[in-house]
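Chains as they are written, first to last, in UniProt numbering: chain A, 1 to 292; chain B, 1 to 200.
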Amino acid sequence: MIQALALTKTYGQVRAVNEATFTASPGRVTGFLGLNGSGKTTTLRMLLGLIRATSGQALIKNRRYRDLKHPLRQVGAVLEQGLSHPGQTGRAHLATQALLARVDRSRVDPLLDRVGLAHAADRRTGDYSLGMRQRLSVATALLGDPEILVLDEPANGLDPEGVAWLRQLLRDHADAGGTVLISSHLLAELAQLIDDVVIIAGGRVVRESSLAELSAGGGRRLRVRGRDPRRLWYAFQDAGADVTTDGHALEVSGLSPEDVGEIAFHARVPLYELSSEAPNLEKVFLDLVSDR
Amino acid sequence: MIAVLRSEVHRSLTVRSGWISMAAIVLLGLTFGWFSVDFWSLLAELGAFAIAVMNTGQHYQHRTAVLLYLGQPRRLTALAAQALAAVVLATAVAVASGLAVLVTGAAHQFRSTLAVVPLMALYGVFNATVVRRPTWLFIGYAGWFIFIEGLVGKLELPLPISSFLKAGGGDYHSLLIFAGWTALAMVAAIVAVHRDLTSD
């Protein structure tokens, strides 16, 4: 479990992170979402002891990161874009990290294979593409077979196949009981993966909930097209709905499909289309962060 | 500490530019040691400084310090291991490069140089921990050496470079002065190593 308890970081007069409090639980993938500059990276670095918090506490398994025994065997982290010395080969990089983590170097080659870098194991990482460096970062994080994974924008540089691969890897990790905390500035990118969501804006956590709760809060919209849109508009409004239009159809929220059908029937307007749209999570996210 | 030490030594020996530089120092020392023991002393001492600065500074330059501190979050332990790794590598390079000097019979200069080399390695690690940019450090020290120690001090003032140059020739007093500078750099490094590692 990862816990941020009133984490605060100030740089001079600027509060980069302001009393951020949230939890990432075992068996779940927690998305840490915020626009660029919202304080995501600073918060993750405080969790990992790379940045000292001005106040508050960052706990991993109820301990500060620096107090963990063999931290690389408990927490794997993917930070920045492919951290490695460009003059080292991928295999040598992982061997160096294996020594640091006190894990068996025999794990290196299977890991390179697992992340799809076996063919490039003896190439210098400076010659790797961005996507390859990200895969090497993931291998570095997995080297100690940690229970907890912390990833900062890990999909940067990955192609669609790589993103799908990473998504499956993280899903499997959580399903096996691991804790995954992953940051991104794109909710749509994470919507297929995460169970819980923490949204940060202006350094403050503005929402912490399950994705299902966030989706329910977004409200369901109905797309309605009929012979007389104006009469339908007024009828729906009279019934208490919010009505907008995209120029082709009415977008109605606050009514069920059954209500819409009944109202249209009573208004004597034939319907040509009545469909339900999934809540637009990106819009929910942007609404939350733009209020700050 | 041992894990960091092993990891640092492995890293230094598997970074291509790193082992090529060390091999070049050994070859140069073996070649020129026949003709000038003073040249070998200077090469071994400056080589120790360069090895230490590159090994430490490149962690910040290439951001791998993040990986180091994730593996060893107690930064003083990490710093101690880095210092020890630099001492081991620099001393090994100095010994290997100085075999020709030993053969020529200049055992006294060999010993006095080997007394300075570990201190130079430590001095390099501590400086790189404070400055974090190898290039800035090298340029800064080049300027410092020319203008402050050379033009102003005439290499006579008890300043770092003047001290180690004399210490390499067997001047015990200068060795103590340089040890003092190294201790000062260590204090600065102990403070500086705790600075935040931001994403730049």
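Glycine included, each C-beta is placed from N, C-alpha and C at the ideal position.
This structure is a prediction, so every number in the text was calculated from the model and none was measured.
When we look at the beta-carbon of residue i and count the other beta-carbons within 10 Å, is it buried (16 or more) or exposed?
i              : result
residue 230(A) : exposed
residue 152(A) : buried
residue 1(B)   : exposed
residue 198(B) : exposed
residue 71(A)  : buried
residue 51(B)  : buried
residue 106(A) : exposed
residue 273(A) : exposed
residue 75(B)  : buried
residue 182(B) : buried
residue 90(A)  : buried
residue 75(A)  : buried
residue 178(B) : buried
residue 8(B)   : buried
residue 147(B) : exposed
residue 173(B) : exposed
residue 227(A) : exposed
residue 262(A) : exposed
residue 45(B)  : buried
residue 195(B) : exposed
residue 257(B) : In this structure chain B extends from 1 to 200, so residue 257(B) is not present and cannot be described.
residue 237(A) : exposed
What residues are listed by DSSP as bridge partners for residue i?
i              : result
residue 22(A)  : 4(A)
residue 207(A) : 199(A)
residue 57(A)  : 5(A)
residue 253(A) : 221(A), 242(A)
residue 271(A) : 226(A)
residue 149(B) : Its beta-bridge partners do not exist; DSSP assigns none.
residue 29(A)  : 180(A)
residue 15(A)  : 10(A)
residue 152(A) : 183(A)
residue 276(A) : 222(A)
Tell me which same chain residues have a C-beta within less than 8 Å of the C-beta of residue i, skipping the five on either side of it?
i              : result
residue 154(A) : 78, 134, 137, 138, 166, 182
residue 159(A) : 131
residue 242(A) : 252, 253, 254
residue 27(A)  : 174, 175, 177, 178, 179
residue 121(A) : 89, 90, 91, 109, 112
residue 257(A) : 222, 274, 276
residue 45(A)  : 51, 79
residue 96(A)  : 88
residue 195(A) : 28, 29, 30, 174, 210, 211
residue 5(A)   : 21, 56, 57, 58, 59
residue 26(B)  : 93, 96, 97
residue 16(A)  : 9, 10, 39, 42, 203
If I measure Cβ to Cβ from residue i and keep anything under 6 Å in the same chain, skipping five residues before and after, which residues do I get?
i              : result
residue 39(B)  : 32
residue 132(B) : 60
residue 34(B)  : 100
residue 162(A) : 131
residue 190(A) : 31, 184
Go through its chain and collect everything with a Cβ distance to residue i's Cβ below 7 Å, but skip five positions before and after it.
i              : result
residue 161(B) : 145, 149
residue 78(B)  : 4, 68, 69, 72
residue 54(A)  : 8, 9, 10
residue 30(B)  : 97, 99, 100
residue 102(A) : 70
residue 164(B) : 45, 116, 120, 178
residue 233(A) : 243, 250
residue 285(A) : 33, 187, 199
Looking at residue i and the ligand PLP, is the gap between the Cβ and the nearest heavy atom below 7 Å?
i              : result
residue 147(B) : As presented, the structure is devoid of all ligands, the ligand PLP included, so that no description of it is given.
Checklist entry - Does the region 9-21 of chain B touch the region 52-67 of chain B, meaning 3 or more C-beta pairs lie closer than 8 Å? => result Taking one beta carbon from each stretch, the region 52-67 of chain B and the region 9-21 of chain B have 3 or more pairs nearer than 8 Å; the two touch.
Checklist entry - Whole alpha helix (DSSP H) runs in the region 169-193 of chain A with 4 or more residues, listed along the chain? => result List check, alpha helix (DSSP H) in window: 187-190.
Checklist entry - Can you find at least 3 beta carbon pairs, one from the region 198-206 of chain A and one from the region 30-42 of chain A, that sit closer than 8 Å? => result Taking 8 Å as the limit for Cβ pairs, the verdict is that the region 30-42 of chain A does touch the region 198-206 of chain A.
Checklist entry - Going along the chain, which unbroken runs of the beta strand (DSSP E) with 3 or more residues stay wholly within the region 42-123 of chain A? => result As far as the region 42-123 of chain A is concerned, its whole beta strand (DSSP E) runs of at least 3 residues are 55-60, 75-78.
Checklist entry - Quick check: the region 38-52 of chain A against the region 100-117 of chain A, are there 3 or more CB pairs under 8 Å? => result Result no; under three Cβ-Cβ pairs closer than 8 Å.
Next on the checklist: Using a Cβ distance threshold of 8 Å, determine whether the region 96-111 of chain B contacts the region 72-92 of chain A, with at least three qualifying pairs required.
Outcome noted: Not touching, per the Cβ criterion.
Checklist entry - Are there three or more Cβ pairs, one per stretch, closer than 8 Å when the region 44-52 of chain A is compared with the region 202-213 of chain A? => result Not touching, per the Cβ criterion.
Next on the checklist: Closer than 8 Å is the cut-off here; do at least three beta carbon pairs connect the region 64-80 of chain B with the region 98-117 of chain B?
Outcome noted: No, the region 64-80 of chain B does not touch the region 98-117 of chain B.
Next on the checklist: Does the contact criterion of 3 or more C-beta pairs under 8 Å hold for the region 181-196 of chain B versus the region 118-134 of chain B?
Outcome noted: Three or more Cβ pairs closer than 8 Å define a contact, and the region 181-196 of chain B meets that threshold against the region 118-134 of chain B.
Checklist entry - In chain order, which alpha helix (DSSP H) runs of at least 4 residues are fully inside the region 50-105 of chain B? => result The region 50-105 of chain B contains these whole alpha helix (DSSP H) runs: 65-71, 75-97, 99-103.
Next on the checklist: Ignoring anything shorter than 3 residues, give me the beta strand (DSSP E) runs that lie fully in the region 8-54 of chain B, in order along the chain.
Outcome noted: Those beta strand (DSSP E) runs which fall completely within the region 8-54 of chain B and span 3+ residues do not exist here.
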